[in-house]
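Peer 1: Numbering-wise (this note's numbering), the sequence shown opens with residue 274 and increments by one. Let me give you the structure first, and then I'll get to my questions.
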Amino acid sequence: MNKFITSPEVRVIDHHGQNLGVLSAAQALHAAQSAGLDLVEVNPKAIPPVCRIINYGQYRYEQEKEARKAKAKQKMVEVKGIRLSLRIKGADLELRKTQAAEFLERGDKVKIEMVLKGREKAHTDLAQKIMDEFAASLPQASVLQPVSRMGGRISLVVGRK
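Here you go:
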C-alpha cells in the first residue's frame, strides 16, 4: 500500500475502474495522492503488478462486511446423539428413528451409540446387527463413519445423502 509498493512499474486502475496503463510507482502514487486516495496493490504476482487507486479504509470495511455476511450464512453442522440399548424394541425404537430422521432433515449428523453392560458385552454381533438395521431404516441416511467399538461402547455416525 502506498509507499510500501516495491515494484518499479505497476499497472494502475483508478477508482472508477478505468485502466490508466503501466506507470512508474512514483507516478502512480502521485496520481493516488492527487485524488486524495490510496494506492493499493491488488495482484502482486502479475507482471507488472496491478494496483488500484481506492479509499483503503472503505475497502477494508467492505471486505470485513462481506466476510461477516458469509460467516452468518454458514450453517454449523452439529452432531446429535441417539443412544440405543441391546434390548430396545417396538415403540422406543420407532421414537429413536423419528428423532434421528428429524436431525438428518435439519442437516445435522447423527451419532448412534449403544452401551453394552455386563453380560451384554458377549453379544457384540447382535449389537452390530441392531445398529446396521437402525441405520438402514433411516430415510436419506448414509453411513459417514462405520461402526467403531471401544470397550462396551459401539457407535456409528450417519449423515444426509
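The beta carbon of each residue, even a glycine, is placed where N, CA and C say it ideally should be.
1. Where does Arg341 fall in DSSP's three states?
2. Can you give me the Cβ contacts of Pro281 inside the same chain, cut-off strictly under 8 Å, excluding the 5 residues immediately before and after it?
3. Can you give me the Cβ contacts of Met423 inside the same chain, cut-off strictly under 7 Å, excluding the 5 residues immediately before and after it?
4. Based on the DSSP secondary-structure assignment, which residues constitute the bridge partners of Ile327?
5. For Met404, count the other beta carbons within 10 Å of its own beta carbon; 16 or more makes it buried, fewer makes it exposed. Which is it?
6. Report yes if the C-beta distance between Cys324 and Arg284 is below 8 Å; otherwise report no.
7. Can you tell me whether Ile327 is buried or exposed, with buried defined as 16 or more other CB within 10 angstroms of its CB?
8. Checking 8 Å against the spacing of the C-beta atoms, do Leu411 and Lys362 come in under that value?
9. In terms of residues, what are the limits of the beta strand (DSSP E) holding Leu355?
10. Can you tell me whether DSSP reads Gly391 as helix, strand or coil?
11. Answer yes or no: do Leu366 and Ala400 have a C-beta to C-beta separation smaller than 8 Å?
Peer 2: In short:
1. If you number the sequence shown from 1, residue 341 lands on position 68. Look at Arg341 here: in three-state DSSP terms it is helix.
2. The residue you call residue 281 lines up with position 8 of the sequence shown. Once the five neighbours on either side are set aside, the close Cβ partners of Pro281 are Ser297, Ala298.
3. For the purposes of this step, residue 423 is taken as residue 150 along the sequence shown, with counting starting at 1. For Met423, where only same-chain residues beyond five positions count, there are no Cβ hits under 7 Å.
4. Locating residue 327 in the sequence shown gives position 54, where the first residue counts as 1. Beta bridge pairing from DSSP links Ile327 with Asp311.
5. One-based indexing of the sequence shown puts residue 404 at position 131. Burial of Met404 is indicated by the presence of at least 16 other C-beta atoms within 10 angstroms of its C-beta.
6. Within the sequence shown, residue 324 is the residue found at index 51, counting from 1. Within the sequence shown, residue 284 is the residue found at index 11, counting from 1. Judged by beta-carbon spacing, Arg284 lies within the 8 Å limit of Cys324, meaning their Cβ atoms are closer than that value.
7. Sequence index remark: in the sequence shown, residue 327 carries index 54 (1-based). Residue burial annotation: Ile327 is buried, with at least 16 other C-beta atoms found within 10 angstroms of its C-beta.
8. Taking the sequence shown and counting its residues from 1, the one referred to as residue 411 is at position 138. Taking the sequence shown and counting its residues from 1, the one referred to as residue 362 is at position 89. Going by beta carbons, Leu411 and Lys362 fall outside the 8 Å limit.
9. As a position in the sequence shown, residue 355 is number 82, starting the count at 1. For the record, residue 355 in the displayed sequence is Ile; it is not Leu. Looking at the DSSP string, the run of the beta strand (DSSP E) that includes Ile355 is 352-357.
10. Mapped onto the sequence shown, residue 391 falls at position 118. Residue state, collapsed to three classes: helix.
11. The residue labelled residue 366 in the question sits at position 93 within the sequence shown. The residue labelled residue 400 in the question sits at position 127 within the sequence shown. For Leu366 and Ala400, no; Cβs fall outside 8 Å.
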